[in-house]
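Those sequence lines, one after another, are chains A and B.
Position 147, counted from 1, in the first sequence is what this note's numbering calls 147; the numbers after and before it change by one each time, with no gaps.
Position 95, counted from 1, in the second sequence is what this note's numbering calls 95; the numbers after and before it change by one each time, with no gaps.
Number of protein chains: 2
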Amino acid sequence: MIELFELCSKDRDHIFSPFAWRVRLCLLHKGLGFKSHPVTFLEKDGFKASGSKTVPVLCDNGRWVSDSFDIACYLERTYPEKPVFGSAIAMGQARLVNQYVGAQIVGPIFPMIVGDIIKCFDDDCRDYFRTSREAFLGCSLEDAQKAAREKLSDFRAGLVAVRSSLKYQPFLSGDSAAWADYAVFAAFVWAHLTSPYALLETDDPINKWLAKMRDLFDGHAACFTPWYEKT
Amino acid sequence: MIELFELCSKDRDHIFSPFAWRVRLCLLHKGLGFKSHPVTFLEKDGFKASGSKTVPVLCDNGRWVSDSFDIACYLERTYPEKPVFGSAIAMGQARLVNQYVGAQIVGPIFPMIVGDIIKCFDDDCRDYFRTSREAFLGCSLEDAQKAAREKLSDFRAGLVAVRSSLKYQPFLSGDSAAWADYAVFAAFVWAHLTSPYALLETDDPINKWLAKMRDLFDGHAACFTPWYEKT
Numbered sequence: 001m002i003e004l005f006e007l008c009s010k011d012r013d014h015i016f017s018p019f020a021w022r023v024r025l026c027l028l029h030k031g032l033g034f035k036s037h038p039v040t041f042l043e044k045d046g047f048k049a050s051g052s053k054t055v056p057v058l059c060d061n062g063r064w065v066s067d068s069f070d071i072a073c074y075l076e077r078t079y080p081e082k083p084v085f086g087s088a089i090a091m092g093q094a095r096l097v098n099q100y101v102g103a104q105i106v107g108p109i110f111p112m113i114v115g116d117i118i119k120c121f122d123d124d125c126r127d128y129f130r131t132s133r134e135a136f137l138g139c140s141l142e143d144a145q146k147a148a149r150e151k152l153s154d155f156r157a158g159l160v161a162v163r164s165s166l167k168y169q170p171f172l173s174g175d176s177a178a179w180a181d182y183a184v185f186a187a188f189v190w191a192h193l194t195s196p197y198a199l200l201e202t203d204d205p206i207n208k209w210l211a212k213m214r215d216l217f218d219g220h221a222a223c224f225t226p227w228y229e230k231t
Numbered sequence: 001m002i003e004l005f006e007l008c009s010k011d012r013d014h015i016f017s018p019f020a021w022r023v024r025l026c027l028l029h030k031g032l033g034f035k036s037h038p039v040t041f042l043e044k045d046g047f048k049a050s051g052s053k054t055v056p057v058l059c060d061n062g063r064w065v066s067d068s069f070d071i072a073c074y075l076e077r078t079y080p081e082k083p084v085f086g087s088a089i090a091m092g093q094a095r096l097v098n099q100y101v102g103a104q105i106v107g108p109i110f111p112m113i114v115g116d117i118i119k120c121f122d123d124d125c126r127d128y129f130r131t132s133r134e135a136f137l138g139c140s141l142e143d144a145q146k147a148a149r150e151k152l153s154d155f156r157a158g159l160v161a162v163r164s165s166l167k168y169q170p171f172l173s174g175d176s177a178a179w180a181d182y183a184v185f186a187a188f189v190w191a192h193l194t195s196p197y198a199l200l201e202t203d204d205p206i207n208k209w210l211a212k213m214r215d216l217f218d219g220h221a222a223c224f225t226p227w228y229e230k231t
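Right under this line is the structure:
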């Protein structure tokens with residue numbers, strides 16, 4: 001049996017982490033059932049055996065794998081049917097996409113919504129989150145958020161590679177969704193589940209792709225509403 | 001026989017276009033011999049039958065293909081041995097990488113070296129280049145270059161996805177070089193062949209990868225010297 005330890009907020013059903021969502025979407029893509037173990041930032045005992053201090057962590061019949069990218073690679077090697085990469089070259093190339101998504105999408109989104117994210121936690125997790133994230137950001141969450149939102153147009157402009165790819169093909173992975181789509185989509189789900197902040201303009205063509213992603217896997221990500229539908 | 005129409009400067013042996021280099025490297029990767037037809041910006045008759053107004057254009061036994069990305073996909077489908085993608089998903093995902101390289105690497109490099117590129121041409125091509133590129137840039141080549149060079153540190157910072165990927169694996173495509181490597185490397189070859197401007201710091205770890213790329217295919221890109229070797 002596959003078990004997935006994944007971050008939750010004060011509500012155990014509120015699985016909000018972009019890295020958890022990437023793994024979930026890969027599991028769904030491959031048609032692999034899994035048992036979810038939601039954990040807060042402060043609950044680490046359940047996956048101690050993995051050696052990892054952060055989630056997501058996957059346990060596949062006693063085999064532990066951490067890091068969302070390593071988990072995707074593990075799943076691809078162990079369950080090659082219904083591939084999310086399809087070749088060793090694609091897996092290598094996906095590392096570049098992974099780093100791009102981190103630097104250009106997840107990284108810039110984080111400070112823009114950080115003041116909303118913290119509201120999702122109970123008091124203990126709020127303290128942990130504020131202390132660790134303010135050390136990372138080098139300023140208060142509120143100041144970081146204010147500064148980041150002033151650069152919203154830079155973030156939107158920085159999505160040009162995603163936006164222009166979708167002019168050529170329906171998904172970032174070509175004719176159907178695969179790992180690159182899940183990596184990018186998960187970032188928007190995360191933002192959506194933690195903050196009302198409008199990351200995209202309502203007429204951004206990326207919204208149409210987000211709507212298609214939401215409808216995959218019997219609407220597993222039905223929580224997500226593209227920004228053009230929000231207005 | 002495969003024929004490749006590719007841009008040259010006033011010296012027919014000076015094949016400098018990043019898009020031509022991507023195609024060359026794919027052909028070498030697949031071990032496909034080809035006949036080069038160097039053309040200047042103003043020589044379009046040789047590939048008129050392709051319907052394309054720009055090079056590179058490939059003619060494979062009478063079948064014409066233009067656009068460096070489409071040529072890579074054509075070669076992969078027609079000559080699947082020694083893959084540069086290896087799967088349909090990789091080819092789809094490569095579109096995202098292609099758009100990323102355009103927006104984040106080729107795009108920012110262009111104005112930084114444009115005042116040097118123009119020096120490579122004869123008078124007729126210089127006039128054509130200045131007129132068309134100044135219209136594109138919205139200012140004189142000299143002003144564009146000055147402004148772009150003031151943002152050199154932004155360009156270097158924008159390479160974080162490339163730099164950090166190479167911490168995990170020797171090539172951008174994983175254990176060995178493939179399309180993503182050629183797409184990025186070709187941009188640096190182009191800059192190197194047209195301008196002395198130092199795009200990278202000498203201690204940038206990207207230089208080590210550039211040195212490995214130069215040594216592929218019996219040093220086909222031996223013209224390229226990483227910046228750490230230049231000082």
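Just so you know, even glycine gets a beta-carbon here, dropped at the ideal spot from N, CA and C.
Please name the residue, chosen from A/Pro18, A/Ala88, A/Cys125 and A/Pro226, that lies closest to A/Ser68 on a Cα-to-Cα basis. Your numbering for residue 68 of chain A matches position 68 in the first sequence. Nearest C-alpha to A/Ser68: A/Pro18.
Tell me which residues share the same chain as A/Asp181 and place their Cβ nearer than 7 Å to its Cβ, disregarding the 5 neighbours each side in the sequence. Residue mapping note: residue 181 of chain A aligns to position 181 of the first sequence, counting from 1. Taken in chain order, the residues that qualify are Phe171, Leu172, Ser173 and Met213.
Within 8 Å of chain A by C-beta, residues of the region 146–160 of chain B in sequence order: Val160
Distance, B/Ala198 Cα to A/His220 Cα: One-based indexing of the first sequence puts residue 220 of chain A at position 220. One-based indexing of the second sequence puts residue 198 of chain B at position 198. In a straight line, the C-alpha of A/His220 is about 49 Å away from that of B/Ala198.
With which residues is B/Ile117 paired in a DSSP beta bridge? Locating residue 117 of chain B in the second sequence gives position 117, counting from the first residue. The partner list for B/Ile117 (beta bridge, DSSP) is empty, contrary to what the question assumes.
Where does A/Asn98 land, buried or exposed, given buried means 16+ other C-beta within 10 angstroms? The residue given as residue 98 of chain A occupies position 98 in the first sequence. So A/Asn98 ends up on the buried side.
Quick one: is A/Asp218 near chain B, going by C-beta distance under 8 Å? Residue mapping note: residue 218 of chain A aligns to position 218 of the first sequence, counting from 1. So, not an interface residue.
Assuming A/Val57 and A/Phe41 make a contact with CB atoms under 8 Å, what is their CB distance in whole Å? Taking the first residue of the first sequence as 1, we reach residue 57 of chain A at position 57. Taking the first residue of the first sequence as 1, we reach residue 41 of chain A at position 41. With a Cβ gap of about 14 Å, A/Val57 and A/Phe41 do not count as contacting.
In angstroms, rounded to a whole number, what distance separates the CA positions of A/Ala177 and A/Leu216? Counting from 1 along the first sequence, the entry for residue 177 of chain A is found at position 177. Counting from 1 along the first sequence, the entry for residue 216 of chain A is found at position 216. When rounded, the distance between both Cα atoms is 9 Å.
Check distances from the C-beta atoms of the region 166–182 of chain B to those of chain A and list, in chain order, the residues that come in under 8 Å. Tyr168, Gln169, Phe171, Leu172, Ser173, Gly174, Asp175, Ala178, Trp179 and Ala180
Chain B partners of A/Pro83, CB-CB under 8 Å? Along the first sequence, read from residue 1 onward, the residue named residue 83 of chain A stands at position 83. Result: Ser87 and Ile89.
Note down, in chain order, all residues in the region 61–80 of chain B with a beta-carbon under 8 Å from any beta-carbon belonging to chain A. none
I'd like to know if A/Tyr100 contacts chain B, where contact means its C-beta is closer than 8 Å to some C-beta of that chain. Locating residue 100 of chain A in the first sequence gives position 100, where the first residue counts as 1. Closer than 8 Å to some Cβ of chain B, the Cβ of A/Tyr100 qualifies, so yes.
Does the region 103–113 of chain B come within contact of the region 152–163 of chain B, defined as at least 3 CB pairs closer than 8 Å? yes
Spell out the partners DSSP gives B/Trp64 in its beta bridges. If you number the second sequence from 1, residue 64 of chain B lands on position 64. The partner list for B/Trp64 (beta bridge, DSSP) reads B/Cys59.
Contact between the region 62–78 of chain B and the region 130–149 of chain B is defined here as three or more beta-carbon pairs at a separation below 8 Å; is this criterion met? no
Give me the DSSP bridge partner(s) of B/Ser36. Along the second sequence, read from residue 1 onward, the residue named residue 36 of chain B stands at position 36. Partner(s): B/Leu4.
Using the C-alpha atoms, what's the distance from B/Thr54 back to B/Ile2? Against the second sequence, residue 2 of chain B aligns to sequence position 2. Against the second sequence, residue 54 of chain B aligns to sequence position 54. So the alpha carbons of these two residues sit roughly 18 Å apart.
Within 8 Å (strictly less), CB to CB, does A/Gly92 reach chain B? Residue 92 of chain A sits at position 92 when you count from the first residue of the first sequence. By this cut-off, A/Gly92 is an interface position.
Pick helix, strand or coil for A/Gly107, following the three-state DSSP scheme. Within the first sequence, numbered from 1, the residue matching residue 107 of chain A stands at position 107. Of the three classes helix, strand and coil, the one that applies to A/Gly107 here is helix, per DSSP.
Along the region 29–50 of chain A, what residues have a CB closer than 8 Å to any CB found in chain B? none
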